[in-house]
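In the numbering used here, the protein residues as written are 134 to 446.
Using N, Cα and C, we set each Cβ at its ideal position, and we do this for glycine too.
What follows is one structure encoded as structure tokens, with my remarks underneath.
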Amino acid sequence: MTGKPVFVLGSFVVACSAKVARFPRPGEALAAETVTIEPGGKGLNQAIMARRLGANVEGLLAVGDDLAAAFAPPALERAGLPPSMLIRLKGSTGSGIGFTDASGETCVAIASGANLALSAEHVWQRAPAITEAALVTAQFEIGDAPIEAAFALARQASVPTLLNPSPFRLIPEAMLALTSILIVNETEAGNLALSLGLEPDGATEPQHFAAELAPRVMTWGPELIVMTRGAAGAIAVTAHGQVIEQNGFAVETVDSLGAGDAFAATLGVRLATGRSLPGALRDAAIAGALTTTRNGVFDALPTLAAIEAVSGE
């Protein structure tokens, strides 16, 4: 991909993940098979994925004024990302703890730290990069104000925006109105349905998602809503009523951490390059699946060549 960059507004987190036979019960200590500490965060993960797809990447990632911030510069250099993406703020650098069980399922807890200190003012300082981007993406490991500021700048310049509201919290109507593409997983879709007064379990069934939840959310502004379904694939609904179901790809899953980030970044970047929606969904599903075949996230995120090798294109 050449031309305009993708602007990633998001988080930097020092991620600690433990591989366990099963998740520990309350009050229980388990022996871990392996423990990995690596640079991560949904913002960094999506920026890395975009870069591995060949996109030029700009953005804004916050670190604190502590020792953990030292993880960030070499991580960006190794990923081929510009050091200008980093901003150092007071407080602790974001951190996360995750467990992966024998089946590859995960559970994660995040302390956002300096990521929550990102402000609209910080975003406005990057206005030229935002208004000249091919796509602006954001996730919910940062606050609402910088996201709304970035999306407002993007919309004024007719730049598409992609929101991945994870970890989930209520999405302000003003933010939805500025969102072009909304990507949620099944749990997030259920929470979104609950916030709208819909039955959360039924709303995540593909037919109900397409007929009820997605059209309801689109009244606030998004033109494309996608629900990822883990190994089952994904379903996408457009503002024109088109419904596309993408099957998952069978792989030997060892760690599902980062799969959602790989999916979201791939879908956004491929659409921004002019790929058709069915093609972009297929690429995104492959990217997510390939990410689960290796432990950790940083090295597990696939390249475009790896995705194309699976798709046969």
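query                                                                                                                                                            : result
Based on DSSP bridge pairs, tell me the residues matched to Ile314.                                                                                              : Leu295 and Leu357
Going by CA-CA distance only, name the one from Arg403, Pro206 and Gly174 that's closest to Thr436.                                                              : Arg403
According to the Cβ coordinates, are Ile275 and Ala397 closer than 7 Å?                                                                                          : no
Using the C-alpha atoms, what's the distance from Val350 back to Val384?                                                                                         : 32 Å
Roughly how many angstroms separate the alpha carbons of Leu193 and Ala208, rounded to a whole number?                                                           : 14 Å
Within 10 Å of its beta-carbon, does Gln448 have 16 or more other beta-carbons around it, so buried, or fewer, so exposed?                                       : Only positions 134 to 446 of the chain appear in the structure, and residue 448 is not among them; the question remains open.
Looking only at its chain, what residues have a beta carbon closer than 7 Å to the beta carbon of Pro339, apart from the 5 residues adjacent to it on each side? : Ile368 and Glu378
Whole angstroms is fine: what's the gap from Ser291's alpha carbon to Gly160's?                                                                                  : 52 Å
Out of Arg302, Ile358, Gly335 and Ile304, state which residue places its alpha-carbon closest to the alpha-carbon of Ile314.                                     : Ile358
How would you call Lys175, buried or exposed, if buried means at least 16 neighbouring beta carbons within 10 angstroms?                                         : buried
The beta strand (DSSP E) that contains Thr320, what's its start and end?                                                                                         : Taken as a continuous stretch (DSSP letters only), Thr320 belongs to no beta strand (DSSP E), being part of the alpha helix (DSSP H) at Glu319 to Ser328.
What is the DSSP secondary structure of Leu239, counted as helix, strand or coil?                                                                                : The amino acid occupying residue 239 in the given sequence is Thr; Leu does not appear at that position. Reduced to three states, the DSSP call for Thr239 is strand.
Going by beta carbon distance, what residues of the same chain come within less than 6 Å of Gly429, once the five residues before and after it are set aside?    : Thr169 and Glu171
Could you check which residue in Ile304, Thr337, Thr270 and Arg302 has the C-alpha nearest to that of Arg288?                                                    : Thr270
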